[in-house]
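If you count the sequence shown from 1, you need to add 15 to reach my numbering.
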Amino acid sequence: MHTRVTGIVIEDDRILLLNRDTDGPRTWSLPGGKVEAGESLAEALVREMREETGVQVQVGRLLYLCDHIPARVVHIIFEARRVGGQVGAAELGKDTNPIRGVRFVELTELPQLGFSDRFVQLCQAGFPDAGSYMGAKANIGL
């Protein structure tokens, strides 16, 4: 399995999302990516957030640990706080699913962008059970 970190940045009931060029059912996603050899989880998250969103973050509390067995991925999801930078993908079009855009989205808009009601509820409730292993990624609505 490989390890992937994800950052959730929420400001004024708006969440930072990426719009990716993908064939999947949902083009909007949370920023994050694979942990590279020699990186700590925090270093990987800071790098991924900067590369994908242009935002400098401070890594906050561990929210959830999930897995996606078919893809052989462990997802580690952190709360993050913006401490600098400008919102706008720093490396548009660089990876295999090029980023088309980055923006803060109202939490109430998430269902229209393909996010589950479960994920919206977790965001609005302040991530109850933070720090927990949640099993399949689908258990947190992702």
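Glycine included, each C-beta is placed from N, C-alpha and C at the ideal position.
Here the structure is a predicted model, which is why all the values come from computation and not from measurement.
Beta-carbon separation (whole angstroms), residue i vs residue j, contact threshold 8 Å
i, j, result
"G75", "R96", "6 Å"
"R29", "L122", "7 Å"
"I91", "L56", "6 Å"
"E94", "L80", "That pair is no contact at about 13 Å."
"D36", "R115", "5 Å"
"V135", "G100", "With a Cβ gap of about 26 Å, V135 and G100 do not count as contacting."
Simplified DSSP state of residue i, which is helix, strand or coil
i, result
"F134", "helix"
"L80", "strand"
"A140", "coil"
"Q73", "strand"
"G108", "For G108, the predicted structure reports a pLDDT of 49, less than 50, and the residue's modelled location is therefore unreliable. A value from the coordinates is still provided. If DSSP states are grouped into helix, strand and coil, G108 belongs with coil."
"L125", "helix"
Extent of the continuous beta strand (DSSP E) run through residue i
i, result
"Q151", "The identity of residue 151 in the sequence shown is Ala, whereas the question assumes Gln. That run of the beta strand (DSSP E) goes S147 to A151."
"A95", "V88 to G100"
"G116", "I114 to E121"
Closest by C-alpha distance to residue i, when choosing among the options
i, options, result
"E26", "A153, G141, K152 and I155", "G141"
"H17", "V50, A59 and I23", "V50"
"E67", "A52, A86 and G47", "G47"
"V98", "C138, R65 and T42", "R65"
"G22", "R133, P143, G53 and V72", "V72"
"A151", "Q127, R87 and L32", "R87"
"A59", "V24, Y148, S131 and V20", "V20"
"L45", "L31, A145 and P113", "L31"
"V61", "T42, V24 and E124", "V24"
Exercise. Which runs of the beta strand (DSSP E), 3 residues or longer, sit entirely within the stretch 16-65?
Worked result: Entirely contained in the stretch 16-65, the beta strand (DSSP E) runs reaching 3 residues are, in chain order, 17-23, 29-35 and 47-49.
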